[in-house]
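Below is one structure, written out as structure tokens, with a few remarks after it.
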Amino acid sequence: DAGVTQSPTHLIKTRGQQVTLRCSPKSGHDTVSWYQQALGQGPQFIFQYYEEEERQRGNFPDRFSGHQFPNYSSELNVNALLLGDSALYLCASSVGAIMSEKLFFGSGTQLSVL
Amino acid sequence: DQQVKQNSPSLSVQEGRISILNCDYTNSMFDYFLWYKKYPAEGPTFLISISSIKDKNEDGRFTVFLNKSAKHLSLHIVPSQPGDSAVYFCAASASNFGNEKLTFGTGTRLTIIP
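Protein chains in written order, with the working numbering: chain A, 1 to 114; chain B, 115 to 228.
Structure representation (structure tokens):
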């Protein structure tokens with residue numbers, strides 16, 4: 001049973017570019033949450049998708065957007081990249097939009113913005 | 115505004131001894147608390163949780179204590195084993211329906227010395 005898978009594992013972009021990160025949830029999970037973990041910090045909640053809709057959003061600008069597909073997989077898009085967007089981006093999946101402890105995290109995508 | 119704080123960035127403990135990791139929070143709306151463990155190049159994995167209606171929860175070698183009046187929780191690992199070496203994140207949520215996002219601390223790197 002595959003867990004949460006994220007692609008790519010590493011990515012290098014330059015300022016102003018756009019990036020798309022992808023996430024496939026654990027089998028049987030229907031909810032996907034995205035977190036940003038900057039160096040030396042804990043993960044910060046970006047947003048959560050359930051039933052193909054954004055249900056909750058953290059304190060991130062509109063440059064961060066997402067999508068969930070009918071098969072529950074999800075994409076995170078970041079436009080107009082800034083140096084400060086360099087971070088590990090973690091995807092987490094769960095069943096339903098409740099029960100925090102049942103979050104399963106992927107290994108993340110390390111984004112470097114030059 | 116750091117609502118969940120882990121003031122010790124690192125901790126070294128002898129194998130077989132007790133490891134105590136601490137976490138403080140400021141948001142009174144938090145009523146559910148979790149500990150996650152993270153190995154390098156992997157996503158965080160759930161370790162143990164506690165609801166605000168309890169003051170202690172045990173799971174094998176891991177015990178979490180919650181002091182609501184002090185807004186403080188701690189994770190005890192006894193006995194500590196080399197495989198426990200990892201970064202530990204404290205996280206909190208306000209578990210009203212529709213608000214299950216996690217707020218993480220900055221983590222404590224635990225090193226178990228053989």
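Glycine is no exception: its CB is placed at the ideal position from the N, C-alpha and C atoms.
If only uninterrupted beta strand (DSSP E) runs of at least 3 residues are considered, those enclosed by the stretch 26-92 of chain A are 31-37, 44-50, 53-57, 64-68, 74-78. The Cβ atoms of Cys91 of chain A and Val32 of chain A sit closer than 8 angstroms to each other.
Distance from the CA atom of Asn79 of chain A to the CA atom of Phe144 of chain B, rounded to whole angstroms, is 32 angstroms.
For the set B:Leu216, B:Tyr202, B:Ser188, the Cα lying nearest the Cα of Asp138 of chain B is the one of B:Ser188.
Chain-order list of chain A residues neighbouring Glu156 of chain B: Ser107, by C-beta distance under 7 angstroms. Scanning chain B for C-beta atoms nearer than 8 angstroms to the C-beta of Pro25 of chain A yields nothing, as the closest lies near 12 angstroms away. With respect to chain A, the C-beta atom of Leu125 of chain B has no partner C-beta closer than 8 angstroms. Per DSSP, reduced to three states, the secondary structure at Lys182 of chain B is coil, with no helix or strand assignment.
In the structure shown, Lys102 of chain A adopts helical secondary structure according to DSSP, grouped into three states. If you draw a 10 Å sphere on the C-beta of Tyr153 of chain B, you find fewer than 16 other C-beta atoms in it, and that means exposed. Excluding its 5 nearest sequence neighbours in each direction, Lys168 of chain B has C-beta neighbours in its own chain below 8 angstroms: Leu180, listed in chain order.
DSSP, read as helix, strand or coil, puts Asp198 of chain B in helix. Residue pairing of Val127 of chain B in beta bridges, as defined by DSSP: B:Ile226. Annotation: Arg15 of chain A to Asn77 of chain A spans about 14 angstroms, alpha carbon to alpha carbon. Membership of Ser163 of chain B in the beta strand (DSSP E) is indicated by the continuous run 159-165.
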